[in-house]
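One structure below.
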Amino acid sequence: MTVVAAALVAAVLIFAIVRPRGLPEIVVALPAAGLALLLGLVSVSQARQQVLDLLPTVVFLAFILILAHLADALGVFRWIASFMGRSAGGSPHRLLVSVFVAAAITTAVLSLDATVVLLTPAVIGAARALRMSARPHSYATAHLSNTASTLLPVSNLTNLLAFTATGLTFVHFAALMALPWIVSILIELAVIWVFFRKDLLATDAALAHEPVAAPVGTLVVLGATLVGFAVAGFFQVEPFWVAAAGSAVLAVRALRDGYTVPRRVLRAADLKFCGFVLLLGIVVEGVTAGPIGTWLSGILPTEATFAGLLTTAVIAAIASNVVNNLPATLMLLAAFGTTAPPGLLLAMIVGVNLGPNLTYVGSLAIMLWRRVGATNNEPADLRTFTVLGLITTPLTILGAVAALWVSLLI
13 MTVVAAALVA
23 AVLIFAIVRP
33 RGLPEIVVAL
43 PAAGLALLLG
53 LVSVSQARQQ
63 VLDLLPTVVF
73 LAFILILAHL
83 ADALGVFRWI
93 ASFMGRSAGG
103 SPHRLLVSVF
113 VAAAITTAVL
123 SLDATVVLLT
133 PAVIGAARAL
143 RMSARPHSYA
153 TAHLSNTAST
163 LLPVSNLTNL
173 LAFTATGLTF
183 VHFAALMALP
193 WIVSILIELA
203 VIWVFFRKDL
213 LATDAALAHE
223 PVAAPVGTLV
233 VLGATLVGFA
243 VAGFFQVEPF
253 WVAAAGSAVL
263 AVRALRDGYT
273 VPRRVLRAAD
283 LKFCGFVLLL
293 GIVVEGVTAG
303 PIGTWLSGIL
313 PTEATFAGLL
323 TTAVIAAIAS
333 NVVNNLPATL
343 MLLAAFGTTA
353 PPGLLLAMIV
363 GVNLGPNLTY
373 VGSLAIMLWR
383 RVGATNNEPA
393 DLRTFTVLGL
403 ITTPLTILGA
413 VAALWVSLLI
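In the working numbering, the protein residues as written are 13 to 422.
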């Protein structure tokens, strides 16, 4: 039965990666979850509990995707692209720094999907308008969609899944992850600066970037939403209520003034993908409830020493590149149980978020980035991605874990 459970997970993930004929991931996830129930790999009560546990996280995902769409419709990413182009001053290195700042903030506040789907095209467009190579800047958004997603509980679906288990408040979580976030981003910047040095060549033929007025009202709402996430934790309010409120405020103007239409807002929520996440949880439960889950429980550290933190992060990174970071998070949380020290769960987040920069299959964000790049005539190159990942992934994980260890000691 363990083999069957693992085969179902593999089938769902392979389909999600390949997506033949552009079919949504739920096409295979639904029958796979049904088979898991019919074969007794997962009981009805286990499936119900898994769905109930995941539902607040999935609802949040839908609203944060809507929030990102509305921000885009109201000109936030057009303004970012204009700002990056003007601040670059003809220097590819300045543009790279601007891209890092924009990607880090976008990922932290609006989640990694916004960075991949909305910021990447803006970055590519800004580089081309300046007659510069878009390669280093596009790969920067890909890497930071993972690397910069460790800061806040709302930055990544993996964070949200682990957040409740840590027992930390929103502010405490962010305080502990701030130093690892900064260290890993600086490592990424240094490596990409050197790795793409031949692409970062200055040009005198840059086109002038017309200034775009800052969408102040929208930025204020996004800032207030971020503050709301922090405050909500003190009142035991689920983050999806805050995301829903922020979305509602932006939707009033966006719909009233014709910046978007209800159909696009609903499509932005990507309900099929949200359903896929719930069904994936059921399929993965069939694995975690068996011998594989028991084996993982036996090898995971139990103390938040530096060695324990690093071992946890490495195991999480490996698991992410074997089964993708979302199911890896579900499996590791089940293996840790309810008694794991918060430090180990934070180290797990470091592993499942930074580890996917090693391979195409490590995270759904990288799969999305490949499609976005191809659509914008900036296709990913397997050799470039792999070599860059082999350099950055070990360095960022080691640096982030060391920083996390220091944060836990303070």
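Idealized CB from N, CA, C, for every residue including glycine.
* Asked: DSSP three-state call for D269: helix, strand or coil?
  -> coil
* Asked: Exposed or buried, which one is H184 when buried takes at least 16 other CB atoms within 10 Å?
  -> By the Cβ-count criterion, H184 is exposed, with fewer than 16 other Cβ atoms from all chains shown falling within 10 Å of its own Cβ.
* To do: Enumerate in chain order the residues of its own chain whose CB-to-CB distance from G363 is below 6 Å, with the five nearest sequence positions on each side excluded.
  => For G363, where only same-chain residues beyond five positions count, the Cβ hits under 6 Å are A325, A328 and A329.
* Asked: Start and end of the alpha helix (DSSP H) containing P368?
  -> From DSSP, P368 is part of no alpha helix (DSSP H); its letter is neither H nor E.
* To do: Would you identify the three-state DSSP class for Q248, choosing helix, strand or coil?
  => Q248: coil per DSSP, three-state reduction.
* To do: Determine contact between the stretch 125-132 and the stretch 378-392, defined as no fewer than three beta-carbon pairs at a distance below 8 Å.
  => yes
* Count the other C-beta atoms from every protein chain shown that fall within 10 angstroms of the C-beta of V239, then say buried if there are 16 or more, exposed otherwise. => exposed
* To do: Please name the residue, chosen from I136, R276 and H105, that lies closest to K423 on a Cα-to-Cα basis.
  => Lying before the first or after the last residue shown, residue 423 is absent from the chain, which here runs from 13 to 422.
* Taking Cβ to Cβ, would you say I197 is nearer than 8 Å to L169? -> I197 is not a Cβ neighbour of L169, given a cutoff of 8 Å.
* Below 7 Å CB to CB, which residues in the same chain sit around P68 once its five sequence neighbours on both sides are set aside? => E250 and F252
* Asked: Between M360 and the rest of its own chain, which residues show a CB-CB distance below 6 Å, the 5 nearest in sequence each way excluded?
  -> T324, A328 and L344
* Run of the alpha helix (DSSP H) containing G293, from where it starts to where it stops -> Judged by DSSP secondary structure, G293 falls within the alpha helix (DSSP H) whose first and last residues are L283 to T300.
* To do: Rank G87, P353 and A177 by C-alpha distance to the C-alpha of L420 and give the top, closest one.
  => P353
* To do: In the DSSP assignment, find the alpha helix (DSSP H) that holds E200 and state where it starts and stops.
  => F182 to F207
* Buried or exposed: A85, going by 16 or more other Cβ atoms within 10 Å of its Cβ? -> buried
* To do: Consult DSSP for L108 and reduce its assignment to one of helix, strand or coil.
  => helix
* Asked: Candidates P274, N369, R275 and A139: which alpha carbon is nearest T396's?
  -> N369
* Asked: Considering S150, what are the terminal residues of the alpha helix (DSSP H) in which it resides?
  -> R147 to T159
* Asked: Are the CB atoms of G305 and A346 nearer to each other than 8 Å?
  -> The answer is yes: Cβ separation under 8 Å.
* Asked: Beta-carbon separation of N171 and P165 under 8 Å?
  -> With respect to P165, N171 sits close: the two C-beta atoms are nearer than 8 Å.
* Can you name the start and end residues of the alpha helix (DSSP H) that S57 belongs to? -> V56 to A85
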